[in-house]
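Under our numbering, the first residue of the sequence shown is numbered 2, with each subsequent residue one higher.
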Amino acid sequence: MRENLESGFGEAGEKAGQKVTNAFKRAVATVLTERGIEIDKRPASVELVPSLAKTADLSFRVRGIPWVIEVKSGLEFNSLGAAVLEGVLFRHRRPGGQFVLLSLYSKMKATPDQLEALLMELGVGHAFDHIAVFSLNSVTDDWWRDTARRINEFFGLVPMPDGFVA
2 MRENLESGFG EAGEKAGQKV TNAFKRAVAT VLTERGIEID KRPASVELVP SLAKTADLSF
62 RVRGIPWVIE VKSGLEFNSL GAAVLEGVLF RHRRPGGQFV LLSLYSKMKA TPDQLEALLM
122 ELGVGHAFDH IAVFSLNSVT DDWWRDTARR INEFFGLVPM PDGFVA
């Protein structure tokens with residue numbers, strides 16, 4: 002079982018990964034709430050096909066603009082593909098909002114700018130308004146040292162509600 006937890010494979014690894022994602026999502030929601038943003042009790046959702054819907058990880062409105070945040074603990078190729086499909090779907094079915102991909106860390110060596118360039122090249126660059134990744138997994142370069150700056154940049158993307166005083 003320990004191997005499953007460490008490798009991220011198998012049922013135990015999936016449960017551990019989901020716990021990290023849920024904790025990360027709660028932390029982000031807490032910071033947004035402390036900034037005066039009311040998180041939707043029922044997150045935004047879109048219907049993929051009849052009787053099958055995709056629900057956002059976090060959603061809220063600020064100054065009349067809907068925001069949808071897809072939260073990942075560890076961004077990797079497969080989860081990026083799924084998130085792109087979700088982003089394109091939300092963008093198509095709920096135009097006019099902000100769609101953000103937010104990941105605690107990336108298992109890939111690509112920066113958010115490189116990912117955005119790749120998505121543009123593939124014709125799906127409109128899937129996200131922003132891609133935010135806080136750190137690269139197990140890499141102790143500038144990415145790791147700059148995590149606090151990237152966290153602040155992410156929260157700086159979200160406008161403060163009208164009339165909110167910190």
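By construction, the Cβ of each residue, glycine as well, lies at the ideal position given by its N, Cα and C atoms.
A Cβ-Cβ separation of about 7 Å places E71 in contact with A57 under the 8 Å criterion. Annotated three-state conformation of G157 is helix, per DSSP. By the Cβ neighbour-count rule, G88 is buried, with 16 or more other Cβ atoms within 10 Å of its own. For F129, the closest alpha carbon among the candidates K108, K16 and G82 is that of G82.
For A133, the three-state secondary structure derived from DSSP is strand. The bridge partners DSSP lists for I70 are L59 and V101.
In the three-state scheme derived from DSSP, where H, G and I count as helix and E and B as strand, S46 is classed as strand.
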